[in-house]
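Every position in the sequence shown, counted from 1, becomes a number in our numbering once 2 is added.
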Amino acid sequence: MTDPHLAPHWQSAALVTIDMQRDFLSGRPYGLAGTTEIIPALRSLADAFRAARRPIVHIVRLHRGDDVDRVRRTLIAGGAQLTRPGTDGRRLAAGLLPGDGPELDDDLLLDGRPQELGPGEYAVFKPRWGAFYRTPLDDLLRGHGVDTAVFAGCNLPNCPRASMIEASERDYRVVLATDAVSQAGEQGLREVAGIGVVLLPTARIVAALAAAG
(Lines of atoms letter the chains of each structure in order from A and count residues from 1; the text may use other names and numbers.)
(Lines give C-alpha, C1' and ligand atoms only; values in the text may rest on other atoms or scores of the structure.)
Protein backbone atom coordinates (compact mmCIF):
# COMPACT_ATOMS: atom_id res chain seq x y z
CA MET A 1 0.00 0.00 0.00
CA THR A 2 1.29 3.47 -0.91
CA ASP A 3 2.20 5.73 2.01
CA PRO A 4 -0.79 8.09 2.42
CA HIS A 5 1.57 11.06 2.42
CA LEU A 6 2.79 10.04 -1.05
CA ALA A 7 -0.36 8.60 -2.62
CA PRO A 8 -1.49 10.53 -5.71
CA HIS A 9 -4.64 12.64 -5.56
CA TRP A 10 -5.93 12.03 -9.08
CA GLN A 11 -8.69 14.63 -8.93
CA SER A 12 -6.06 17.32 -8.33
CA ALA A 13 -3.31 15.97 -10.59
CA ALA A 14 -1.51 17.53 -13.55
CA LEU A 15 0.67 16.00 -16.25
CA VAL A 16 4.11 17.57 -16.75
CA THR A 17 6.00 16.50 -19.88
CA ILE A 18 9.70 17.28 -20.04
CA ASP A 19 11.67 18.29 -23.16
CA MET A 20 9.62 16.28 -25.64
CA GLN A 21 10.92 18.35 -28.55
CA ARG A 22 11.95 17.17 -31.98
CA ASP A 23 15.66 17.86 -31.50
CA PHE A 24 15.73 15.40 -28.58
CA LEU A 25 14.08 12.51 -30.42
CA SER A 26 15.93 9.27 -31.12
CA GLY A 27 18.27 9.44 -34.10
CA ARG A 28 18.56 13.24 -34.23
CA PRO A 29 22.08 14.75 -33.94
CA TYR A 30 21.45 15.71 -30.30
CA GLY A 31 18.70 13.17 -29.66
CA LEU A 32 18.49 10.64 -26.86
CA ALA A 33 17.89 6.97 -27.48
CA GLY A 34 14.47 5.76 -26.45
CA THR A 35 12.77 9.16 -26.62
CA THR A 36 10.81 8.66 -29.85
CA GLU A 37 9.73 5.28 -28.54
CA ILE A 38 7.87 6.74 -25.54
CA ILE A 39 5.60 8.99 -27.66
CA PRO A 40 2.69 6.47 -27.80
CA ALA A 41 2.63 6.22 -23.99
CA LEU A 42 2.86 10.00 -23.67
CA ARG A 43 -0.01 10.41 -26.12
CA SER A 44 -2.13 8.04 -24.00
CA LEU A 45 -1.32 10.05 -20.88
CA ALA A 46 -2.13 13.36 -22.54
CA ASP A 47 -5.41 12.03 -23.92
CA ALA A 48 -6.38 10.75 -20.45
CA PHE A 49 -5.58 14.05 -18.75
CA ARG A 50 -7.55 15.97 -21.40
CA ALA A 51 -10.51 13.61 -20.97
CA ALA A 52 -10.33 14.12 -17.19
CA ARG A 53 -10.10 17.91 -17.72
CA ARG A 54 -6.88 18.01 -15.74
CA PRO A 55 -4.00 20.39 -16.59
CA ILE A 56 -1.09 19.49 -18.85
CA VAL A 57 2.16 21.46 -18.93
CA HIS A 58 4.76 20.83 -21.64
CA ILE A 59 8.17 21.98 -20.42
CA VAL A 60 10.49 23.05 -23.25
CA ARG A 61 14.05 24.19 -23.81
CA LEU A 62 15.02 27.14 -26.02
CA HIS A 63 18.70 27.89 -26.52
CA ARG A 64 19.38 31.54 -27.31
CA GLY A 65 22.36 33.65 -26.26
CA ASP A 66 24.58 32.51 -23.41
CA ASP A 67 21.93 31.85 -20.73
CA VAL A 68 22.56 28.12 -21.08
CA ASP A 69 23.62 25.28 -18.80
CA ARG A 70 27.38 25.57 -18.35
CA VAL A 71 27.90 22.08 -19.81
CA ARG A 72 26.24 23.22 -23.08
CA ARG A 73 27.76 26.70 -23.44
CA THR A 74 30.62 25.63 -25.70
CA LEU A 75 28.19 23.64 -27.87
CA ILE A 76 25.71 26.51 -28.26
CA ALA A 77 28.41 29.17 -28.70
CA GLY A 78 29.77 27.04 -31.54
CA GLY A 79 26.48 27.40 -33.41
CA ALA A 80 24.83 24.07 -32.62
CA GLN A 81 21.22 24.07 -33.81
CA LEU A 82 19.72 22.62 -30.65
CA THR A 83 16.18 23.83 -29.84
CA ARG A 84 16.97 27.23 -31.30
CA PRO A 85 14.05 29.69 -31.40
CA GLY A 86 12.29 29.59 -34.75
CA THR A 87 13.62 26.18 -35.78
CA ASP A 88 11.56 23.07 -36.43
CA GLY A 89 13.62 21.15 -33.88
CA ARG A 90 12.34 23.13 -30.92
CA ARG A 91 8.72 22.16 -31.67
CA LEU A 92 6.94 19.52 -29.61
CA ALA A 93 7.11 16.01 -31.01
CA ALA A 94 4.34 15.16 -33.44
CA GLY A 95 1.38 13.53 -31.72
CA LEU A 96 1.65 15.20 -28.32
CA LEU A 97 -0.91 17.89 -29.19
CA PRO A 98 -4.21 17.50 -31.06
CA GLY A 99 -3.28 18.01 -34.70
CA ASP A 100 0.02 19.86 -34.85
CA GLY A 101 -1.10 22.27 -32.15
CA PRO A 102 -0.23 25.97 -32.17
CA GLU A 103 3.28 27.16 -32.96
CA LEU A 104 5.43 27.85 -29.90
CA ASP A 105 5.62 31.55 -29.10
CA ASP A 106 9.35 31.81 -28.46
CA ASP A 107 9.31 35.42 -27.27
CA LEU A 108 6.47 34.82 -24.81
CA LEU A 109 8.14 31.70 -23.43
CA LEU A 110 11.60 33.27 -23.16
CA ASP A 111 9.99 36.16 -21.30
CA GLY A 112 9.05 33.65 -18.60
CA ARG A 113 5.33 33.45 -19.32
CA PRO A 114 3.28 30.30 -19.96
CA GLN A 115 1.77 29.84 -23.41
CA GLU A 116 -1.75 28.39 -23.51
CA LEU A 117 -1.89 25.63 -26.13
CA GLY A 118 -5.46 24.50 -25.47
CA PRO A 119 -7.97 24.29 -22.62
CA GLY A 120 -5.91 23.76 -19.47
CA GLU A 121 -2.80 22.94 -21.55
CA TYR A 122 0.36 25.03 -21.59
CA ALA A 123 3.97 25.28 -22.67
CA VAL A 124 6.56 26.63 -20.22
CA PHE A 125 10.22 27.39 -20.96
CA LYS A 126 12.87 26.30 -18.48
CA PRO A 127 16.43 27.66 -18.73
CA ARG A 128 18.11 24.85 -16.76
CA TRP A 129 17.52 21.20 -15.80
CA GLY A 130 14.68 21.63 -13.33
CA ALA A 131 11.18 22.61 -14.47
CA PHE A 132 10.60 24.87 -11.44
CA TYR A 133 13.85 26.86 -11.59
CA ARG A 134 13.17 30.42 -12.84
CA THR A 135 9.82 29.36 -14.32
CA PRO A 136 6.12 30.05 -13.59
CA LEU A 137 5.37 26.33 -13.20
CA ASP A 138 4.65 26.35 -9.45
CA ASP A 139 2.27 29.33 -9.73
CA LEU A 140 0.59 27.74 -12.75
CA LEU A 141 -0.01 24.42 -10.99
CA ARG A 142 -1.16 26.03 -7.74
CA GLY A 143 -3.53 28.23 -9.70
CA HIS A 144 -5.22 25.07 -11.01
CA GLY A 145 -5.42 23.54 -7.52
CA VAL A 146 -2.82 20.90 -8.33
CA ASP A 147 -1.15 18.94 -5.53
CA THR A 148 -0.04 15.89 -7.56
CA ALA A 149 2.43 16.18 -10.46
CA VAL A 150 2.79 13.30 -12.90
CA PHE A 151 6.08 13.45 -14.83
CA ALA A 152 7.05 11.95 -18.17
CA GLY A 153 9.44 12.75 -21.01
CA CYS A 154 13.15 13.04 -21.80
CA ASN A 155 15.47 11.86 -20.14
CA LEU A 156 15.27 10.51 -16.59
CA PRO A 157 18.83 11.10 -15.27
CA ASN A 158 18.76 14.81 -16.10
CA CYS A 159 15.69 17.04 -16.44
CA PRO A 160 12.87 14.75 -15.21
CA ARG A 161 14.92 13.79 -12.15
CA ALA A 162 15.83 17.41 -11.34
CA SER A 163 12.20 18.43 -11.84
CA MET A 164 10.88 15.69 -9.56
CA ILE A 165 13.32 16.70 -6.83
CA GLU A 166 12.11 20.30 -7.13
CA ALA A 167 8.48 19.16 -7.02
CA SER A 168 9.19 17.12 -3.89
CA GLU A 169 10.87 20.15 -2.30
CA ARG A 170 7.63 22.05 -2.89
CA ASP A 171 5.60 19.28 -1.24
CA TYR A 172 3.82 18.02 -4.35
CA ARG A 173 2.83 14.38 -4.48
CA VAL A 174 5.04 13.13 -7.31
CA VAL A 175 4.38 10.34 -9.82
CA LEU A 176 6.65 9.09 -12.61
CA ALA A 177 5.13 7.31 -15.61
CA THR A 178 7.78 4.62 -15.86
CA ASP A 179 7.12 3.62 -19.47
CA ALA A 180 6.79 7.23 -20.67
CA VAL A 181 10.26 8.45 -19.72
CA SER A 182 13.45 7.80 -21.68
CA GLN A 183 16.80 6.57 -20.30
CA ALA A 184 15.09 5.00 -17.28
CA GLY A 185 17.38 2.34 -15.82
CA GLU A 186 16.57 0.25 -12.76
CA GLN A 187 18.98 2.15 -10.53
CA GLY A 188 17.58 5.53 -11.54
CA LEU A 189 14.05 4.36 -10.82
CA ARG A 190 15.09 3.04 -7.40
CA GLU A 191 16.77 6.35 -6.60
CA VAL A 192 13.76 8.52 -7.41
CA ALA A 193 11.48 6.11 -5.56
CA GLY A 194 13.77 6.68 -2.59
CA ILE A 195 12.80 10.36 -2.44
CA GLY A 196 9.10 9.51 -2.47
CA VAL A 197 8.28 9.39 -6.17
CA VAL A 198 5.46 6.93 -6.89
CA LEU A 199 6.36 4.73 -9.88
CA LEU A 200 3.44 3.71 -12.10
CA PRO A 201 3.05 2.54 -15.70
CA THR A 202 0.91 4.58 -18.07
CA ALA A 203 -1.98 2.08 -18.03
CA ARG A 204 -2.31 2.38 -14.23
CA ILE A 205 -2.31 6.17 -14.41
CA VAL A 206 -4.92 6.23 -17.17
CA ALA A 207 -7.14 3.82 -15.25
CA ALA A 208 -6.79 5.82 -12.02
CA LEU A 209 -7.75 9.06 -13.77
CA ALA A 210 -10.82 7.42 -15.29
CA ALA A 211 -11.86 5.93 -11.94
CA ALA A 212 -11.45 9.32 -10.22
CA GLY A 213 -14.10 10.66 -12.58
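Where is the CB? At the ideal position from N, CA and C, for every residue including glycine.
| Asked | Found |
| --- | --- |
| Residue from 7, 157, 54 and 134 whose Cα sits closest to the Cα of residue 122 | 54 |
| Assigned exposure category for residue 162 - 16 Cβ within 10 Å defines buried | buried |
| Endpoints, alpha helix (DSSP H) assigned at residue 180 | Residue 180 -> not in any alpha helix (DSSP H); beta strand (DSSP E) instead, spanning 175 to 183. |
| Counted within 10 angstroms of its Cβ, other Cβ atoms place residue 7 as buried (16 or more) or exposed | exposed |
| Assigned exposure category for residue 168 - 16 Cβ within 10 Å defines buried | buried |
| Classification of residue 11 by the beta-carbon crowding that lies within 10 angstroms, buried from 16 upward | exposed |
| Span of the beta strand (DSSP E) around residue 59 | 58 to 62 |
| Under the three-state DSSP convention, the category residue 51 falls into | helix |
| Straight-line Cα distance separating residue 82 from residue 203 | 35 angstroms |
| For residue 127, the three-state DSSP class (helix, strand or coil) | strand |
| Where the beta strand (DSSP E) through residue 148 begins and ends | Unbroken run through residue 148: none, as it is neither H nor E. |
| Under the three-state DSSP convention, the category residue 83 falls into | coil |
| Which listed residue (68, 128 and 18) has its alpha carbon closest to that of residue 48 | 18 |
| CA-to-CA distance, residue 134 to residue 173, given in whole angstroms | 13 angstroms |
| Residue 149 versus residue 38 - alpha carbon distance | 29 angstroms |
| Alpha-carbon spacing of residue 153 relative to residue 196, whole angstroms | 16 angstroms |
| Minimum C-alpha distance to residue 146 - residue among 208, 75 and 13 | 13 |
| For residue 118, the first and last residue of its enclosing beta strand (DSSP E) | 117 to 120 |
| Of the residues 61, 32 and 214, the one placed nearest residue 132, counting alpha carbons only | 61 |
| Opening and closing residue of the beta strand (DSSP E) in which residue 15 lies | 15 to 20 |
| Status (buried if at least 16 other CB within 10 Å, exposed otherwise) for residue 23 | buried |
| DSSP-derived helix/strand/coil call for residue 217 | Limits of the chain in this structure are 3 at one end and 215 at the other, which puts residue 217 out of reach. |
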